[in-house]
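Number of protein chains: 2
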Amino acid sequence: MTPPYGKHPATLVRQERPFNAGPPPERMRADFLTPTGDFFVRNHGDVPEVDAEAFRLEVAGAVERPLALSLADLARFPRREVTATLQCAGNRRQELVERKPIPNELPWGLEAVSTARWSGVALADVLAAAGPTGEARHAALAGLDETERHGHRFHFGGSIPLDKALAPEVLLATGMNGAPLPPVHGAPLRLVVPGWIGARSVKWLASIRLQAEPSDNYFQRVAYRLFPAHVDAGNVVWEEGAMLGELPVNSIVTAPRAGARLPAGDVRVEGLALAGGGRDVARVEVSADGGRTWRVARLGERRERWAWRFWELKLELPAGRHELVVRAWDDAAQSQPADLEQVWNFKGYMNNAWHRVAVEVG
Amino acid sequence: MTPPYGKHPATLVRQERPFNAGPPPERMRADFLTPTGDFFVRNHGDVPEVDAEAFRLEVAGAVERPLALSLADLARFPRREVTATLQCAGNRRQELVERKPIPNELPWGLEAVSTARWSGVALADVLAAAGPTGEARHAALAGLDETERHGHRFHFGGSIPLDKALAPEVLLATGMNGAPLPPVHGAPLRLVVPGWIGARSVKWLASIRLQAEPSDNYFQRVAYRLFPAHVDAGNVVWEEGAMLGELPVNSIVTAPRAGARLPAGDVRVEGLALAGGGRDVARVEVSADGGRTWRVARLGERRERWAWRFWELKLELPAGRHELVVRAWDDAAQSQPADLEQVWNFKGYMNNAWHRVAVEVG
């Protein structure tokens, strides 16, 4: 299969092969549920061709009853739905790149975050059928897509701790926004892990292995680790990096765009906020002076536990240059750090510094 | 009953009546479990005299079977234990007070945080016996201690959402560190809500009411709300403040003390870190130059899910003045804000700004 995979014409394509793309800011609030044609794509390999008839999901490792489930077998489990925002750990990397180059990583702007209604079956129900044994602590996941690193070719994978794997919101999804899951989003089967970095929502999922330790897949063992700001590619000790999991609280301005020229008077500022790990967004604050003074934005209702919240604020701005800034707070009184310096890491993950947008008025 | 309630002689007493006190920094790491004589006390009223024979815990509201349980009735539920750190929402208020006065609130230093092994029964088991009905969304809690605000005398109280009330870590505690719960810590019965602000761990707990809304007790409805930095006592809209719940990630230097004069050479810096809501501490970073450059501290093992972690770092410091700074990261890549300005709120809650300690070497 080849791009553009039915993506909306306005889609920002960061990379053709593997295909990596997402919606431009002006389409990010098209609807509370991101239209499937806009939903961001983060792939590490080509979209695999999967024979739905022959497809089997293997459940193995520390289980009483290893399983090899066809799609028909999976369809016999109770049907579940969850509305969840997925966000790539590398979202907003572009801002870090402007500070210092980050080689070999995609320079995501704001677009690697989207929300969909997922349907399928609960991973917990399938794991219950397999019967986890006492040694099971992590669910190691592997997809059918292939990638290459340092001369080795292997399947994309990763893992989540067993307690998250057993949580009711984690789905083996076959549907997206009321239609069958498209190939570019992981058909015939993807995991959806609400509240966690997108990398754990493994697409083209074909293997689940319960085990005592996290997956030794490259994307768990080496990539998707968070290092301190003073660590660089040259002085890294991989074990010192923390494996990424839940997302931190984050927020962005989707309108106006950076560099916009606006007429003087009322300016409607709008954007998104997202709290990680099932927490709620408690408050969104907007500054029109680079972060010196703040006002509370109008926060849209919490429609779904695992999804983003929209916010907006009308500001009256005099002529001149203004730096609009947004920061959100989660319900644990946790907010975003002011400076890129604090969140800097040489892989460019988890940028949740205050989001700044410079505009010109008048 | 009257102070000092068997407290360690070094205890810092912030207020005699009601009694409010905690351990000085040099005793905060006396052991992984805070000795009961050191454990901080945050009381809003006098310690009530409770007749253990006559005592009943009422469970009422949206339940199938209202209960009035004696201590003997409670002892028939399965015995549970949890090691949990409790922290007052007002801990580290002193640093905020130095920036701007905060009237009518205790100027806690670092001492309103402690860890104990709690024993008792699971609140979930007791609620299951009562049978929550479909309307139940919050567990409203009330203690036997009395306080006065604005001319009204009432019992201390608050609430937690039902999903937290049903979580296995939430205990109705009758024991602390292997001994009966002392009166000043809530005997005969206190709730222990790990990962949440201390105020929800209601002492002398006598009433649990399941209901659709949070408690309308003053300490839920009015106090323990987090307001933006620009809100002051004069312009407050209570509903705009977010009710506090889970704790944010936080860390402090316990040694050396602020203002210490140290000999030149190796300095051992040590302290505590705590992640809220069951999250883990992923990393602790220490700066010896006010936050310009950072080093990773040695983090003690995660001995208990709901407890703090100790950390330490040996630094070689040349003669002169140094500002030691600590900041922790939780496992959702969430860290502490650099400045008190960001966490400022006129009630002085939830200060988790970088902790700074100025020392003089040589």
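Chains A and B supply the protein sequences, listed in that same order. So for the first sequence, this note's numbering puts the first residue at 6; every next one is plus one. So for the second sequence, this note's numbering puts the first residue at 6; every next one is plus one. Virtual Cβ for every residue (Gly too), placed ideally from N, Cα, C.
With 16 or more other CB atoms across the displayed protein chains lying within 10 angstroms of its CB, A:GLU116 is buried.
Annotation: Cβ neighbours of B:GLU290 in chain A (cutoff 7 Å, chain order): PRO233. Taking a Cβ-Cβ threshold of 8 Å, the residues of chain B close to A:THR298 are HIS235, in chain order. Within the region 176-249 of chain A, the runs of beta strand (DSSP E) at least 3 residues long that lie entirely inside it are, in chain order, 176-181, 195-197, 210-216. Here A:GLY296 has VAL330, ALA343, TRP359 as same chain residues with Cβ atoms under 7 Å from its own Cβ, once five neighbours each way along the sequence are excluded. Contact annotation for A:GLY281 against chain B: ALA337, GLN339 [CB-CB distance below 8 Å, chain order]. Around B:ARG142, the same chain offers LEU167, ALA217 as residues with beta carbons nearer than 6 Å, after the five sequence neighbours per side are excluded. For B:GLU251, the C-beta contacts it makes with chain A under 7 Å involve ASP336, ALA337, in order along the chain. By the beta-carbon neighbour count (other beta carbons within 10 angstroms, threshold 16), B:ASN222 is buried. Annotation for B:ASP130: the continuous alpha helix (DSSP H) segment containing it runs 128-135. Our two residues, A:ALA135 and B:ARG310, have alpha carbons roughly 27 Å apart in a direct line. Residue pairing for B:GLN20: DSSP places it in a beta bridge opposite B:ASN25. Between the alpha carbons of A:GLU174 and A:ALA121 lies a gap of roughly 13 Å. Membership of A:ARG85 in the beta strand (DSSP E) is indicated by the continuous run 84-92. Its Cα nearest to that of A:THR16, the residue A:PRO30 stands out among A:LEU132, A:THR7, A:TRP123, A:PRO30. Between B:ASP36 and B:HIS13, the C-beta gap is not smaller than 8 Å, which leaves the two residues out of contact. Following the DSSP letters along the chain, one finds A:ARG154 in no alpha helix (DSSP H) but inside the beta strand (DSSP E) bounded by residues 143-154. Around B:LEU38, the same chain offers THR88, THR120, ALA121, ARG122, ASN182 as residues with beta carbons nearer than 8 Å, after the five sequence neighbours per side are excluded. When DSSP states are grouped into helix, strand and coil, A:LEU79 belongs to the helix group. Within chain B, the residues whose beta carbon sits less than 8 Å from that of A:ALA247 are ALA287, ARG288, TRP334, ASP336, ALA338, listed in sequence order.
With respect to A:GLY163, A:LEU146 sits close: the two C-beta atoms are nearer than 8 Å. When Cβ-Cβ separations below 8 Å define contact, A:VAL175 makes no contact with chain B. Contact annotation: B:GLU275 and B:TRP316 have beta-carbon atoms nearer than 8 Å. At least one C-beta of chain B is nearer than 8 Å to the C-beta of A:VAL254. Annotation: the continuous beta strand (DSSP E) that includes A:LEU277 extends over 270-279. Ranked by Cα distance from A:TRP334, the first of A:GLU328, A:ALA312, A:ARG284 is A:ARG284. From the listed residues A:TRP349, A:VAL366, A:VAL362, A:GLU365, the smallest Cα separation to A:PRO106 is found for A:TRP349. DSSP links A:GLY162 through a beta bridge to A:ALA147. The beta carbon of B:ALA260 lies closer than 6 Å to those of GLU275 in the same chain, with the five residues before and after it left out.
Using a Cβ-Cβ cut-off of 8 Å, A:ALA343 counts as an interface residue toward chain B, since at least one Cβ of chain B sits closer than that to its own. Residue pairing for B:GLY325: DSSP places it in a beta bridge opposite B:VAL366. Less than 8 Å separates the beta-carbon of A:ALA65 from that of A:PRO71. When the alpha-carbon of A:PRO268 is set against those of A:ARG326, A:ARG308, A:ALA312, A:GLY305, the nearest one is in A:ARG326. For A:ARG288, the uninterrupted beta strand (DSSP E) segment begins and ends at 286-292. For B:ASP335, the three-state secondary structure derived from DSSP is strand. According to the DSSP assignment, A:LEU74 belongs to the beta strand (DSSP E) that extends over 72-74.
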